[in-house]
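S.K.:
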Amino acid sequence: MTPSDAPTILDVLAGDARSITALATKLAATTDLFDENVETVQLVRQIVQTHVAAEQYLHPLIRETIPGGEALAHQQFAEHRAMEELLRNLEDVDPNTDRFKSLLADVRDKWSANAEYLEHDIYPTLREKCDWARLVELADSVVGAENLAPTRPRSVAAEGHNTSVLLSLSQGYIDRTIDAFTHRGHAGTSEIDARLRAGRYDDDGSDGGES
């Protein structure tokens, strides 16, 4: 991989957003109860992890770089809190009900709308104004933050970078410990996670070939 091909923080987050949208769309069409349970857990997990990474690394860039960035970052944080409340409700509802499908549609539509806003209105400005090497360096930071982030909607979150890191590390450790003992997500969660990381839910064929 040449330096110009190296992914930036914006590439990573945009790829995550597309995969999450695709997973939500796939879940809406799923009729198998086992798949619904597994993929609902994974959808919640991936959205929360992406939120945490964005709050720790994308939002500071927005504050520093874009005029009115403080208000924009605060608006994004509020979007995250509202989305995680939706996710909390989604997890509490029987997947066989119309209420589940309605909540899932809300999650998918709100997620897609915000992802499109970021990709079309925010990311181009950051690409233009930010040092490219810094954007590349932050790509690894985002992946690391996602790997250590909570796996459930957060009861407590903070906008400041340092406080967010501390809260995420502690809650992430607790969530993962509980997940290990309760087998939350059941079998198949790691496979779905791998597909998300590879962007394989962007393709309607769930298996896909080697890239």
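Taken in order, the sequence shown gives residues 814 to 1024; the numbers are from the numbering used here. Idealized CB from N, CA, C, for every residue including glycine. On a predicted model such as this, the values are computed, not experimentally measured, just so you know.
Taking a contact to mean a Cβ-Cβ separation below 8 Å, would you say residue 821 touches residue 840 in this structure?
M.R.: It is not a contact, given that the beta carbons lie outside the stated cut-off.
S.K.: So, with DSSP's three-state summary, where would you put residue 850?
M.R.: Helix.
S.K.: Span of the alpha helix (DSSP H) holding residue 938?
M.R.: Element bounds for residue 938: 936-942.
S.K.: Tell me the DSSP secondary structure of residue 947 in three-state form.
M.R.: Residue 947: helix per DSSP, three-state reduction.
S.K.: Since residue 959 contacts residue 866 with CB under 8 Å, what's their CB separation in whole angstroms?
M.R.: That pair is a contact at about 5 Å.
S.K.: What does a CB cutoff of less than 8 Å around residue 908 pick up in its chain, not counting 5 residues either side in sequence?
M.R.: 846, 849, 850 and 853.
S.K.: Out of curiosity, what's the CA-to-CA distance linking residue 975 and residue 893?
M.R.: Going from the Cα of residue 975 to the Cα of residue 893 covers about 18 Å.
S.K.: If I measure Cβ to Cβ from residue 1018 and keep anything under 6 Å in the same chain, skipping five residues before and after, which residues do I get?
M.R.: Unreliable placement is indicated for residue 1018, whose pLDDT of 44 sits below 50; no coordinate value is reported for it.
S.K.: With 16 other CB atoms within 10 Å as the buried threshold, where does residue 918 fall?
M.R.: Residue 918 is exposed by the Cβ-count criterion.
S.K.: Identify whether residue 875 lies in helix, strand or coil by the three-state DSSP scheme.
M.R.: Helix.
S.K.: Looking only at its own chain, which residues have a Cβ that is under 8 Å from the Cβ of residue 838, when we skip the five neighbours before and after it?
M.R.: 921, listed in sequence order.
S.K.: When we look at the beta-carbon of residue 986 and count the other beta-carbons within 10 Å, is it buried (16 or more) or exposed?
M.R.: Its Cβ having fewer than 16 others within 10 Å, residue 986 is exposed.
S.K.: Does the beta-carbon of residue 994 have 16 or more other beta-carbons within 10 angstroms, so that it is buried, or is it exposed?
M.R.: Exposed, because fewer than 16 other Cβ atoms sit within 10 Å of the Cβ of residue 994.
S.K.: Please determine, among 855, 949, 979 and 916, the residue with the shortest C-alpha to C-alpha distance to residue 823.
M.R.: Nearest option by C-alpha distance: 949.
S.K.: Return the CA-CA distance between residue 902 and residue 928, expressed in angstroms with no decimal places.
M.R.: Distance between the alpha carbons of residue 902 and residue 928: 21 Å.
S.K.: Going by C-alpha distance, which of 970, 991 and 988 is nearest residue 869?
M.R.: Among 970, 991 and 988, the Cα nearest to that of residue 869 belongs to 970.
S.K.: Going along the chain, which residues of its own chain have a beta-carbon closer than 8 Å to the beta-carbon of residue 945, five neighbours each way excluded?
M.R.: So the list reads 821, once near-sequence residues are dropped.
S.K.: My output table needs one value for residue 962: the three-state DSSP class, helix, strand or coil.
M.R.: Coil at residue 962, not helix or strand.
S.K.: Within its chain, find whatever has a CB closer than 7 Å to the CB of residue 1001; leave out the 5 residues flanking it on each side and keep chain order.
M.R.: Any reading at residue 1001 must be qualified, since the residue scores a pLDDT of 48, below 50, and its modelled position is unreliable; no value is offered.
S.K.: Nearest by alpha-carbon distance to residue 916: which of 871, 898 and 819 is it?
M.R.: Comparing Cα positions, the closest option is 898.
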